[in-house]
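First the structure, in the form of structure tokens, and then the observations on it.
Residue numbers (my numbering), protein chains in the order written: chain A, 109 to 335; chain B, 341 to 591.
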């Protein structure tokens, strides 16, 4: 019943690679942002929080349009990458990585921020009285307590990147093995009236998405226990 | 008590909208974008009270959507094969009416494409070439045929990026992200694109003809406006616009 062609499997691998790289990078970028948002009391944390949440609301076409112009030869990012000698980002795997970082940022930051806020001041104050440096306290107290938050955030980021379509279509150029991810491959199958192949690949995506959400819901109660 | 009143109001609004009969939706292939805009504008001048909406997209997508009951009254396809299939399976009210032959061109926003030929695509100065997806877009299929007929396909394939339809392909080139592209002549002749870089007409001996056709869908049976618009496609005003955008007209 399953008829995955070699190009389908290539698209699935590419999707996993993209989502994996994006999740790792966002763990590195998102953790300090979430930590800062959870602890700071400055008034401009609200506008920053709103900017980070923007991709939840913006149509992917808006993001794709701006990225295409910004990363193109006449855009600021494009001129910067050209000056660095790495050429232009549209139609490349790393272009998709950059786009996905913007696109999936709230899915990493928000669960982490919630997890950090749930810890509260107390455990960190205790750590400080035991002469733990702030960095020490972060890694030995905050991170273990927020672990379920890290797992939820990573799963959601990974899954959301897998589900990306509009942005990839606008800046990807549909290159096999480079930017043709599973969602675009399904779209192509449907457009080419290859319904059987679209069915197979869609079924894979459906099962995957269900498994991901099941994981998230299984982990969720332990997040509450921390608070 | 307020909610039911609002619901009744909304229902009345929706019903009054659907009671307005003189309205058509046209699904048109993306290569018609500029030509069809002008044709519809002219049509509105003489039929001011009627409501004509055009939706542009890929011919293949519309084909699937019409089979699934999409509310399109006329369907203009860049490939005659799609409306023929629809007519065969009973989704067409009219016969299949050919309206034009399309041409493909090499076009660039940044280079002088009018001084290029297909052989120029192998140049190391060109890193990305945009074509429509040959898997389902008629213009993409013809672009691939032309490149294969010129024995260039193997050499340029690593540089190719694929647009979802022909307008999307042109947009890759217009933004400079691809240095050149193979797009529809009808798009290259639009003033917004024509003043940049120029174009080179790809000989039509290199590819199968891009025969284009439209149908009035089964859904529009009895819709006079759909019939009127179909007739308008034969008018001299329409033919002038189509010729201006580089379409070769049948007979």
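Glycine residues also receive a C-beta, built at the ideal position from the N, C-alpha and C atoms.
Note that the structure is predicted; figures quoted are calculated from it, not measured.
With a 10 Å radius around its C-beta and 16 neighbouring C-beta atoms as the bar for buried, classify residue i as buried or exposed.
i	result
residue 238(A)	exposed
residue 148(A)	exposed
residue 574(B)	exposed
residue 179(A)	buried
residue 125(A)	exposed
residue 331(A)	With a pLDDT of only 47 at residue 331(A), under the threshold of 50, the placement of this residue in the model should not be trusted; the figure read from the coordinates follows. Buried.
residue 114(A)	exposed
residue 301(B)	With chain B represented from 341 up to 591, any question about residue 301(B) goes unanswered, as that position is not in the structure.
residue 223(A)	buried
residue 528(B)	buried
residue 591(B)	exposed
residue 513(B)	buried
residue 465(B)	exposed
residue 319(A)	exposed
From the beta carbon of residue i, is the nearest beta carbon of chain B less than 7 Å away?
i	result
residue 188(A)	no
residue 114(A)	no
residue 167(A)	no
residue 321(A)	no
residue 138(A)	no
residue 300(A)	yes
residue 119(A)	no
residue 127(A)	no
Taking only beta-carbon positions, decide if residue i is within less than 7 Å of chain A.
i	result
residue 475(B)	yes
residue 468(B)	yes
residue 359(B)	Unreliable placement is indicated for residue 359(B), whose pLDDT of 47 sits below 50; the coordinate value is still reported in the next sentence. It does not; no Cβ of chain A falls within 7 Å.
Would you mind giving the Cβ-Cβ distance between residue i and residue j, rounded to the nearest angstrom? I have them listed as a contact below 8 Å.
i	j	result
residue 444(B)	residue 479(B)	6 Å
residue 371(B)	residue 524(B)	4 Å
residue 284(B)	residue 386(B)	Any property of residue 284(B) remains undetermined from this structure, which presents chain B solely from 341 to 591.
residue 578(B)	residue 412(B)	Actually they are not in contact, since the Cβ atoms of residue 578(B) and residue 412(B) sit about 19 Å apart, beyond 8 Å.
residue 280(A)	residue 292(A)	7 Å
residue 135(A)	residue 262(A)	7 Å
residue 402(B)	residue 367(B)	4 Å
residue 427(B)	residue 555(B)	6 Å
residue 130(A)	residue 265(A)	7 Å
residue 169(A)	residue 272(A)	13 Å between Cβ atoms; not a contact.
residue 324(A)	residue 260(A)	6 Å
- Residues of the segment 501-518 of chain B with a CB closer than 7 Å to any CB of chain A: list them in chain order, please. If the cut-off is 7 Å between Cβ atoms, the segment 501-518 of chain B has 501, 502, 504, 512, 515, 516 and 517 near chain A.
- What are the residues of the segment 396-429 of chain B that lie near chain A, defined by any Cβ-Cβ distance shorter than 9 Å? Within the segment 396-429 of chain B, the qualifying residues are 398, 400, 401, 403 and 404.
- Pick out the complete beta strand (DSSP E) segments inside the segment 486-518 of chain B, 3 residues or longer, and give them in chain order. The beta strand (DSSP E) runs lying completely inside the segment 486-518 of chain B and spanning 3 residues or more are 500-503, given in chain order.
- Any chance you could list the alpha helix (DSSP H) runs of at least 4 consecutive residues sitting entirely within the segment 366-451 of chain B, in chain order? Restricting attention to alpha helix (DSSP H) runs no shorter than 4 residues, the segment 366-451 of chain B encloses them at 373-386, 399-407 and 421-428, ordered along the chain.
- Task: With 8 Å as the limit, tell me which residues of the segment 190-222 of chain A have their beta carbon closer than that to any beta carbon of chain B; keep them in chain order.
- Result: Listed in sequence order: 195, 196, 198 and 199.
- Identify every run of the alpha helix (DSSP H) within the segment 274-311 of chain A, keeping only runs that are complete inside it and at least 4 residues long; order them along the chain. As for any alpha helix (DSSP H) of minimum length 4 sitting wholly inside the segment 274-311 of chain A, the runs are 274-280 and 290-299, ordered along the chain.
- Message: Which runs of the alpha helix (DSSP H) at least 4 residues long sit entirely within the segment 199-263 of chain A? Give them in chain order.
- Response: Within the segment 199-263 of chain A, the complete alpha helix (DSSP H) runs of at least 4 residues are 201-227, 230-237 and 242-245.
- Going along the segment 263-296 of chain A in order, which residues come within less than 7 Å of chain B, judged by CB to CB distance? Result list: 277, 281, 282, 283 and 296.
- Relative to chain B, which residues along the segment 173-184 of chain A have a C-beta separation below 7 Å, given in chain order? Answer in chain order: 176, 177, 180, 181 and 182.
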